[in-house]
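In this note's numbering, the protein residues as written are 414 to 617.
Everything on this sheet refers to the single structure shown next.
Take a look at the structure:
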């Protein structure tokens, strides 16, 4: 789907509102000020996603989008290994970044992903005047492209486009990078674009 400038601005606003709420919730959990921005939003054909995902080891926390938009698609948080370990250290007050992802990191990834996506969907759904809820999370840890391919294999028949929200988290520690991938089915994608256009109409 090709977006015009107004639609791109609307999606950026959509992403930043969701990210701001997710950062607030994470700050409360970690008891440390965190800011999250979405400097870039892209809409990519699902068949081209291999061009946008690297080969680093990442944790992907996967949720189905539920609520008023039943079976509306999926939303995924992707965090590189370094990000997961850094966030685990922040949560538990531990140190040591040069290690493989362990069970403690996996639990932290699920918890962080759950908090981020619950807040993200809650804020953006409120903006649009609908209800969007995440399903219980599933976790995949693998090379990023391999993990995403396994997700795509399950949803490709229902999803045409992927919304990529490239996120940057900043705190007292070095910036933390990650991505939120929204894989709406065709009906939800049309709803999102229409509602965002209506929302941006008075502002444009």
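Glycine is no exception: its CB is placed at the ideal position from the N, C-alpha and C atoms.
Owing to the predicted nature of the structure, the values given are computational and were not obtained by experimental measurement.
Per DSSP, which residues does residue i bridge with? Please list them.
i: residue 453; result: 579
i: residue 473; result: 491 and 553
i: residue 590; result: 581
i: residue 545; result: 480
i: residue 595; result: 488 and 576
i: residue 448; result: 583
i: residue 458; result: 574
Pull up the distance between the alpha-carbon of residue i and that of residue j, whole angstroms please.
i: residue 617; j: residue 554; result: At residue 617, the pLDDT of 47 sits below 50, so the modelled position is not reliable; the number obtained from the coordinates is stated separately. The alpha-carbon atoms of residue 617 and residue 554 are separated by roughly 42 angstroms.
i: residue 607; j: residue 430; result: 18 angstroms
i: residue 603; j: residue 559; result: 28 angstroms
i: residue 611; j: residue 507; result: 47 angstroms
i: residue 443; j: residue 504; result: 6 angstroms
i: residue 424; j: residue 609; result: 7 angstroms
i: residue 598; j: residue 488; result: 11 angstroms
i: residue 476; j: residue 521; result: 16 angstroms
i: residue 567; j: residue 592; result: 20 angstroms
i: residue 516; j: residue 590; result: 21 angstroms
i: residue 432; j: residue 451; result: 7 angstroms
i: residue 681; j: residue 519; result: Lying outside 414 to 617, the shown extent of the chain, residue 681 is not represented and no answer is given.
i: residue 580; j: residue 594; result: 10 angstroms
i: residue 601; j: residue 577; result: 16 angstroms
i: residue 461; j: residue 485; result: 21 angstroms
i: residue 564; j: residue 605; result: 22 angstroms
i: residue 513; j: residue 530; result: 25 angstroms
Which same chain residues end up closer than 6 angstroms to residue i when comparing Cβ atoms and leaving out the 5 residues on each side of it in sequence?
i: residue 434; result: 532 and 536
i: residue 415; result: none
i: residue 541; result: 608
i: residue 561; result: 466
i: residue 583; result: 448
Which residues in the same chain have their Cβ closer than 7 angstroms to the Cβ of residue i, if we skip the five residues on either side of it in sequence?
i: residue 546; result: 479, 480 and 534
i: residue 463; result: 558
Can you give me the Cβ contacts of residue i inside the same chain, cut-off strictly under 8 angstroms, excluding the 5 residues immediately before and after it?
i: residue 510; result: 495, 498, 499 and 502
What whole-angstrom Cβ distance do residue i and residue j have, given they're in contact under 8 angstroms?
i: residue 528; j: residue 596; result: Incorrect: roughly 20 angstroms between the Cβ atoms, too far for contact.
i: residue 557; j: residue 471; result: 4 angstroms
i: residue 448; j: residue 436; result: 5 angstroms
i: residue 523; j: residue 474; result: 6 angstroms
At a threshold of 8 angstroms, does residue i count as lining the ligand GDP (C-beta to nearest heavy atom)?
i: residue 516; result: Among the components of this structure there are no ligands whatsoever, and the ligand GDP is therefore not found.
Check your understanding: Per the contact definition of three or more C-beta pairs closer than 8 angstroms, is the segment 537-553 in contact with the segment 573-581?
Key -> no
For this session: Could you say if the segment 462-475 and the segment 485-497 meet the contact criterion of at least three C-beta pairs nearer than 8 angstroms?
Result: yes
**Three CB pairs or more closer than 8 angstroms across the segment 419-436 and the segment 449-456** = yes
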